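Each remark here refers to the structure printed beneath this line.
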Amino acid sequence: MTEAATEQAVHTRTVSTTVNGQARSADIETRLLLVHFLRETLRFTGTHIGCDTTSCGACTVLLDGVPVKSCTMFAVQAEGHEITTVEGLAPAGGLHPVQEGFHEEHGLQCGFCTPGMMLTAAALLAENPDPSEEDIRWAISGNICRCTGYVNIVKAVQHAAAKMKEAS
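Here's what the structure looks like:
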């Protein structure tokens with residue numbers, strides 16, 4: 002393929018979405034993955050790139066409150082949707098109960114999986130404010146942690162659930 006033909010084959014489109022409560026818009030190539038849109042275009046680098054196959058969950062973000070793996074979703078698919086990254090989890094000037102739980106219960110070691118784990122946990126608690134250990138383990142089963150053995154991650158989610166229950 003000639004350079005001119007390659008340039009013609011690349012399609013761009015304006016994508017407008019809401020990220021962490023703020024309207025965002027950018028002209029992007031239609032083949033751009035959501036994880037790269039968030040990290041490179043919008044500079045939300047808390048969303049990590051781990052495997053590019055949806056196996057690890059490091060790239061998990063919330064799309065309209067539902068956990069999705071941003072490494073296999075095109076950014077154009079997020080058009081008109083609300084995206085929450087780990088940067089948008091905390092209220093202004095504080096920590097989200099899930100973040101507090103991870104801190105208090107030592108739910109992280111290297112921290113690479115932590116953003117995806119936190120967003121998955123937040124979605125679980127929004128749907129089920131009193132999850133069992135089995136519920137928590139099932140919810141985070143799409144997120145791989147190579148450091149912790151998951152025990153403290155489960156405790157962190159339980160801590161967050163208790164904190165949220167106490168606040169309501």
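Just so we're aligned: 101 in the numbering used here is position 100 of the sequence shown, and the numbers increase by one with no gaps anywhere.
The C-beta atom is built at its ideal place from N, Cα and C for all residues, glycine as well.
This one's a predicted model, so the numbers in the text were calculated from it and none came from an experiment.
Cβ neighbours of residue 77 within its own chain (closer than 7 Å, five residues either side excluded): 14, 16, 31.
For the pair residue 153 and residue 108, the CB atoms are nearer than the 8 Å cut-off. Residue 17 is bridged by DSSP to 26.
By alpha-carbon distance to residue 144, the top candidate from 47, 45, 115, 166 is 115. According to DSSP, residue pairing for residue 83 in a beta bridge involves 19. Under the 8 Å Cβ criterion, the region 129 to 136 counts as touching the region 156 to 165, having at least three qualifying pairs. When rounded, the separation of the alpha-carbon atoms in residue 69 and residue 99 is 18 Å. The Cβ atoms of residue 35 and residue 124 do not sit closer than 8 Å to each other. A Cβ-Cβ distance of about 10 Å is found for the pair residue 137 and residue 118, leaving them out of contact under the 8 Å criterion.
Bounds of the beta strand (DSSP E) holding residue 69 are 67 to 70. Burial state of residue 67 is exposed, judged by a 10 Å Cβ sphere holding fewer than 16 other Cβ atoms.
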